[in-house]
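Below is one structure; the comments refer to it alone.
In the numbering used here, the protein residues as written are 2 to 109.
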């Protein structure tokens, strides 16, 4: 938990995009990803391939590290009660939620 944080490792949504995720209206800067390991919005992008939420990222380096768990042992999504409110692949897979600006506009 006492790992040094290097601000140089911060990457915008567009730069952390896996694949060709882009918004026709806003480009790539506001692209949001789901945490690979649970039903939360990702706020970390590690190893050039993996999106984590704060909680799952905090567990890295501990016996509870999400990357050490088998898919069957990851939190299971309950359709209809998923906090993300969108259909997505099972936890353990990368998933692009889309443009955060467009998603927030849909709530207005």
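C-beta: ideal position from N, C-alpha, C; glycine also.
Source: prediction; values computed, not measured.
One or two residues paired with residue i in a DSSP bridge
i	result
residue 97	34
residue 52	46
residue 28	24
CB-CB length for residue i against residue j, believed under 8 Å
i	j	result
residue 38	residue 98	Going by Cβ atoms, the distance from residue 38 to residue 98 rounds to 15 Å, so no, they are not a contact pair.
residue 66	residue 73	Contact doesn't hold; Cβ gap of about 16 Å is too wide.
residue 78	residue 91	7 Å
Within 8 Å, strictly: CB atoms of residue i and residue j
i	j	result
residue 1	residue 32	Any property of residue 1 remains undetermined from this structure, which presents the chain solely from 2 to 109.
residue 58	residue 45	yes
Straight-line gap, residue i to residue j (C-alpha atoms, nearest Å)
i	j	result
residue 2	residue 53	In this prediction, residue 2 has a pLDDT of 45, which is less than 50 and means its spatial position is unreliable; what the coordinates show is noted afterwards. Each residue's Cα considered, the two are about 16 Å apart.
residue 101	residue 42	10 Å
residue 84	residue 69	24 Å
residue 34	residue 81	19 Å
residue 93	residue 36	9 Å
Residue i - DSSP class collapsed to helix/strand/coil
i	result
residue 103	helix
residue 72	helix
residue 58	helix
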